[in-house]
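Residue numbers (our numbering): 1189 to 1309. For every residue, glycine included, the Cβ atom is placed at its ideal position computed from N, Cα and C. These notes concern the structure reproduced below.
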Amino acid sequence: MSSIFYEFRARHAESAARRAAHVDVTWDLIRLEAVEPNAVRMTFANPRTTRAGKKTYRGAATLTPLVTHAEIDAELRTYEATTGHCGDCFGKGKVPCGHSVAEGTRYQPCDRCSGTGRTKP
Ligand SMILES: [Zn+2]
1189 MSSIFYEFRA
1199 RHAESAARRA
1209 AHVDVTWDLI
1219 RLEAVEPNAV
1229 RMTFANPRTT
1239 RAGKKTYRGA
1249 ATLTPLVTHA
1259 EIDAELRTYE
1269 ATTGHCGDCF
1279 GKGKVPCGHS
1289 VAEGTRYQPC
1299 DRCSGTGRTK
1309 P
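Laid out in structure tokens, this is it:
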């Protein structure tokens, strides 16, 4: 999955969901929906390969674990504790703030780490 939103907490949401629901890497994250004020439903699909050799999700099995914002926050804190990288910008020091066709993705310094990319002591 790639999108501006995915750069943020969605990566933590995905790893929290994979751990809680035992979803391995052969399943792809294909959808992410805010279904409740404090929870996100993730949809993972196990892709098939067509006779033409292409990957398809048509008719594929799906898993739809729900992750709460508290679980996503816990995953972010675990990420920071184990890597030392800021959990919002993944150590880059900048976060996407918009996108345009002409300029591509625009970035601004990360608020959480003040642009350092490291966790605060
Ligand atoms: Zn940061």
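Please classify residue i: is it buried, with 16 or more other beta-carbons within 10 angstroms of its beta-carbon, or exposed?
i, result
"C1301", "buried"
"C1285", "exposed"
"H1287", "exposed"
"E1224", "exposed"
"V1213", "exposed"
"S1190", "Because S1190 carries a pLDDT of 44, less than 50, the predicted location of this residue cannot be relied on, and the following value inherits that uncertainty. Exposed, since its Cβ has fewer than 16 Cβ neighbours within 10 Å."
Per DSSP, which residues does residue i bridge with? Please list them.
i, result
"Y1295", "P1284"
"V1228", "A1222 and V1255"
"T1250", "A1233"
"L1217", "F1232"
"H1273", "R1306"
"T1244", "R1236"
Would the beta-carbon of residue i fall within 8 Å of that of residue j?
i, j, result
"L1220", "A1201", "yes"
"G1281", "G1247", "no"
* To do: Count the CB pairs spanning the region 1256-1266 and the region 1283-1296 that are closer than 8 Å, and state whether there are at least three.
  => no
Three or more C-beta pairs below 8 Å linking the region 1242-1253 and the region 1194-1210: yes
Notebook entry, point to check: Does the region 1241-1251 come close enough to the region 1265-1278 that 3 or more CB-CB pairs lie under 8 Å?
Noted result: no
Worksheet item: Listed by chain order, which residues have C-beta atoms less than 5 Å from any heavy atom of ligand 1?
Response: C1274, D1276, C1277, C1298, R1300 and C1301
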